[in-house]
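Novice:
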Amino acid sequence: MAKLKTTYFCQNCGSQYAKWQGQCNSCKAWNTITEEVIQKPEKSDWKTSTNETKRVSKPLKINEIDASKEARMQTHDQELNRVLGGGIVPGSLTLLGGEPGIGKSTLLLQVSLNLPYKTLYVSGEESQKQIKMRAERINSNTNHCYILTETKTQNIFKQIESLDPDIVVIDSIQTLHSDYIESSAGSISQIKECTSELIKFAKETATPVLLIGHITKDGHIAGPKILEHMVDTVLQFEGDRNHVFRILRAHKNRFGSTHELGIYEMQGSGLREVSNPSEILISEKDEELSGNAIAATLEGMRPLMIEVQALVSTAVYGTPQRSATGFNAKRLNMLLAVLEKRAGFRLGAKDVFLNITGGITVDDPAIDLAVVAAILSSNEDVFLPRDHCFAAEVGLSGEIRPVQRVEQRIMEAEKLGFSAIFVSKFNKLSLKQTTIKVVLISKIEDLIEHII
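Numbering (the numbering used here), first residue to last: 922 to 1373.
#1: Quick one: what does DSSP say K1050 is sitting in, helix, strand or coil?
#2: Hey, out of D1272, D1284, L1210, whose CA is closest to V1237's CA?
#3: By the 10 Å Cβ neighbour count, where 16 or more other Cβ atoms means buried, how is I954 classified, buried or exposed?
#4: Where DSSP assigns a beta bridge to L1069, which residues make up the other side?
#5: Report all residues from its chain with a CB closer than 6 angstroms to the CB of T1063; omit the five preceding and five following residues, and keep chain order.
#6: Taking 7 angstroms as the line, does the beta carbon of Y1038 fall inside it for any heavy atom of the ligand NAD?
#7: Verify whether the separation of the beta carbon atoms of G1012 and A1123 is less than 8 angstroms.
#8: Among the candidates E1320, G1212, C1066, whose CA atom is the shortest distance from the CA of A1291?
#9: According to DSSP, which residues form a beta bridge with V1229?
#10: Fully enclosed by the region 1238 to 1320, which alpha helix (DSSP H) runs are 4 residues long or longer?
#11: Can you give me the Cβ contacts of K975 inside the same chain, cut-off strictly under 6 angstroms, excluding the 5 residues immediately before and after it?
#12: From A1056 to L1030, what distance separates their C-alpha atoms?
#13: For S1351, which residues in the same chain have their Cβ closer than 8 angstroms to its Cβ, ignoring the five residues on either side in sequence?
#14: Under DSSP, the beta strand (DSSP E) around A1460 begins and ends at which residues?
#15: Are the beta-carbon atoms belonging to Q1157 and G1018 less than 8 angstroms from one another?
#16: Have a look at G1338, E1314, T1356, E1333 and flag the residue whose alpha-carbon is nearest the alpha-carbon of K1346.
#17: Measuring straight from C-alpha to C-alpha, what distance separates M1255 and L1317?
#18: Does D1367 come out as helix, strand or coil in the three-state DSSP assignment?
#19: Opposite L1132 in the DSSP bridges: which residues?
#20: Give me whichever residues DSSP pairs with P1224 in a beta bridge.
#21: What do you get for E1208, buried or exposed, if any count of 16 or more other CB atoms within 10 angstroms of its CB means buried?
#22: Over the uninterrupted alpha helix (DSSP H) stretch that includes I1142, give me the two end residues.
#23: Let me confirm a value: V1344 is counted as buried when at least 16 other C-beta atoms fall within 10 Å, else exposed. Which label applies?
#24: Whole angstroms are fine: how far does the CA of E1103 sit from the CA of T927?
#25: What are the residues that DSSP puts in a beta bridge with Q1031?
#26: DSSP three-state call for H1180: helix, strand or coil?
#27: Comparing C-alpha positions only, which one of M1332, S1234, C1066 sits nearest to L1036?
#28: Taking one C-beta from the region 997 to 1006 and one from the region 1121 to 1138 each time, how about it: are there three or more such pairs within less than 8 angstroms?
#29: Output the distance between the C-alpha atoms of P920 and R1263, rounded to the nearest integer angstrom.
#30: Where DSSP assigns a beta bridge to I1360, which residues make up the other side?
#31: Just to confirm the assignment: which complete alpha helix (DSSP H) runs, minimum length 4, are found wholly within the region 990 to 1015?
#32: Tell whether a beta-carbon distance below 8 angstroms holds between V1324 and I1342.
#33: Sort out for me which residues DSSP pairs R1322 with in a bridge.
#34: Is the CB-CB distance between E1046 and D1092 below 8 angstroms?
#35: What are the residues that DSSP puts in a beta bridge with V1327?
#36: I983: buried (16+ other C-beta within 10 angstroms of its C-beta) or exposed?
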């Protein structure tokens, strides 16, 4: 038996060192370098049998490569299909991260129970009885889902060979360990080794693998950053545990867009897909209040109507406060400077608070006009009509700039029953018959005339 070799890894960024030191030179973190075994003799393939002949990869001309599109595996979860770009790609590796208790295991178990394919759900955190209790709560009856509680990759691959599933779900990658690495489960070397074995299995058999990943206190997926480079898709499950709504985003997707958004509602019977996000992003009110404006924004290919709330009040202390939730605070300061310089509103001595309802963060510049309208509404204490919405960018000189795909925003506003939408005069519109009134404005003074 060969002698085991050890080296030192930073548990924060994965940098390798020949000897121990107190601070990592790469990420500047202290006391994160630990000793790990890096080599073990006679490492075999993920397959248990070694007598099979292996095909050797040969170089091909790019014109000779078969580019026929392989059909994606459709799930019954339309939100997940949208975020993945149209379904699960055969042979892909998808990593789902999120805070503890946010609903990662519930989401993938619910997807596994509703898939029309033979699915193997591998759990290293819960027993089979615990998973059965959760499945009964979801109220799903299926004969296609198999549950396995195992953390050793070699045993998992033995069960995969005998079962031959169409999809494999791992909950979670930090609980797996391989015999070829001596370190404990969840360490840098174990996560890299287990992920490499799963990637080789997925690519050779064209079986998609869904992984659940833990996150650190900083919100990043636990383990080395190379883990996110190795997988094909990185999904983030976000939300506040004190609220019922969850947001699924794609931070990396080799097979689709990274701008798509999926919204769920956590219920006692599992996660409910929210097909109309505007129902949660626009609050219901019995009376008309100032400081509220509706913006037409886009997340990927999906148009959303969100509510912008603003509060402008006299500064109690010497320095006025500027606070923004779900919106870039620097952009808020820029818009306030435009209102002060171009429109003559004295907001320098007033507190300004801004909030995007629904708990989401928006970076679309098309909501600038709604932010300005909400601030002016609160400052002048006049209410905006509930059936008016805004979609335009505000420039530093006070001009109203056009935004992309404005016609899609107009159609969404019309579908939701809005009577008027304010857009830039410089947008090129080709809509002929619309029931919604399109108000064209070119500068910020035009907006003030409509509001005040």
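Cβ coordinates follow ideal geometry from the N, Cα and C atoms, glycine included.
Specialist: Taking the coordinates as given:
#1: Walking along the sequence shown from the start, residue 1050 turns up at place 129. Here K1050 sits in helix by DSSP.
#2: Counted from its first residue, the sequence shown places residue 1237 at position 316. Ranked by Cα distance from V1237, the first of D1272, D1284, L1210 is D1272.
#3: Walking along the sequence shown from the start, residue 954 turns up at place 33. Flag for I954 reads buried.
#4: Taking the sequence shown and counting its residues from 1, the one referred to as residue 1069 is at position 148. DSSP lists V1043 as partners of L1069.
#5: Taking the sequence shown and counting its residues from 1, the one referred to as residue 1063 is at position 142. Once the five neighbours on either side are set aside, the close Cβ partners of T1063 are L1034.
#6: This structure simply doesn't include the ligand NAD, nor any ligand for that matter.
#7: Numbered from its first residue, the sequence shown carries residue 1012 at position 91. Numbered from its first residue, the sequence shown carries residue 1123 at position 202. Yes, the pair counts as a contact, with Cβ atoms nearer than the cut-off.
#8: Residue 1291 sits at position 370 when you count from the first residue of the sequence shown. With distances taken between Cα atoms, A1291 lies closest to G1212.
#9: The residue given as residue 1229 occupies position 308 in the sequence shown. DSSP lists A1214, I1277 as partners of V1229.
#10: 1250 to 1263, 1289 to 1301
#11: Locating residue 975 in the sequence shown gives position 54, where the first residue counts as 1. Summary for K975: the model assigns pLDDT 47, below 50, so the residue's position carries little reliability; its value from the coordinates is reported in the next sentence. Correct list: empty, nothing qualifies.
#12: On the sequence shown, residue 1056 is found 135 positions in, with the first residue counted as 1. On the sequence shown, residue 1030 is found 109 positions in, with the first residue counted as 1. Using only the alpha carbons, I get a separation of about 8 angstroms.
#13: On the sequence shown, position 430 is the one that residue 1351 refers to. Once the five neighbours on either side are set aside, the close Cβ partners of S1351 are E1328.
#14: Because the chain spans 922 through 1373 in this model, residue 1460 falls outside it and cannot be assessed.
#15: Your numbering for residue 1157 matches position 236 in the sequence shown. Your numbering for residue 1018 matches position 97 in the sequence shown. For the 8 angstroms CB-CB criterion, Q1157 and G1018 form a contact.
#16: What you label residue 1346 is simply residue 425 of the sequence shown in a count that begins at 1. Closest by alpha carbon: E1314.
#17: In the sequence shown, residue 1255 corresponds to position 334, counting from 1. In the sequence shown, residue 1317 corresponds to position 396, counting from 1. Approximately 8 angstroms between the Cα atoms of the pair.
#18: Along the sequence shown, one-based indexing puts residue 1367 at 446. D1367 falls in the helix class under three-state DSSP.
#19: Position 211 of the sequence shown, counted from the first residue, corresponds to residue 1132. In DSSP, L1132 forms a bridge with L1016, I1091.
#20: Along the sequence shown, read from residue 1 onward, the residue named residue 1224 stands at position 303. DSSP lists L1219 as partners of P1224.
#21: For the purposes of this step, residue 1208 is taken as residue 287 along the sequence shown, with counting starting at 1. E1208 comes out exposed.
#22: The count along the sequence shown starts at 1 and reaches residue 1142 at position 221. Element bounds for I1142: n/a, residue is neither H nor E.
#23: Reading the sequence shown from its first residue, position 423 is the one you call residue 1344. Under this definition V1344 is a buried residue.
#24: Walking along the sequence shown from the start, residue 927 turns up at place 6. Walking along the sequence shown from the start, residue 1103 turns up at place 182. Rounded to whole angstroms, T927 to E1103 spans 10 angstroms at the Cα level.
#25: Within the sequence shown, numbered from 1, the residue matching residue 1031 stands at position 110. In DSSP, Q1031 forms no bridge with anything.
#26: On the sequence shown, position 259 is the one that residue 1180 refers to. Coil, per DSSP.
#27: The sequence position of residue 1036 within the sequence shown is 115, counting from 1. It is C1066.
#28: no
#29: No answer is possible for residue 920: the residues shown for the chain start at 922 and end at 1373.
#30: For the purposes of this step, residue 1360 is identified with residue 439 of the sequence shown, where counting begins at 1. Note on identity: in this sequence residue 1360 is Val, with Ile being the wrong assignment. Answer is F1343, bridged to V1360.
#31: 999 to 1005
#32: On the sequence shown, residue 1324 is found 403 positions in, with the first residue counted as 1. On the sequence shown, residue 1342 is found 421 positions in, with the first residue counted as 1. For the 8 angstroms CB-CB criterion, V1324 and I1342 do not form a contact.
#33: Taking the sequence shown and counting its residues from 1, the one referred to as residue 1322 is at position 401. Looking at the DSSP assignment, R1322 forms a beta bridge with E1314.
#34: Here the question's residue 1046 lines up with position 125 in the sequence shown. Here the question's residue 1092 lines up with position 171 in the sequence shown. Cβ distance < 8 angstroms, so E1046 and D1092 count as in contact.
#35: Numbered from 1 along the sequence shown, position 406 holds the residue referred to as residue 1327. In DSSP, V1327 forms no bridge with anything.
#36: Within the sequence shown, the letter at position 62 stands for residue 983. It is exposed - the Cβ of I983 has fewer than 16 other Cβ atoms within 10 Å.
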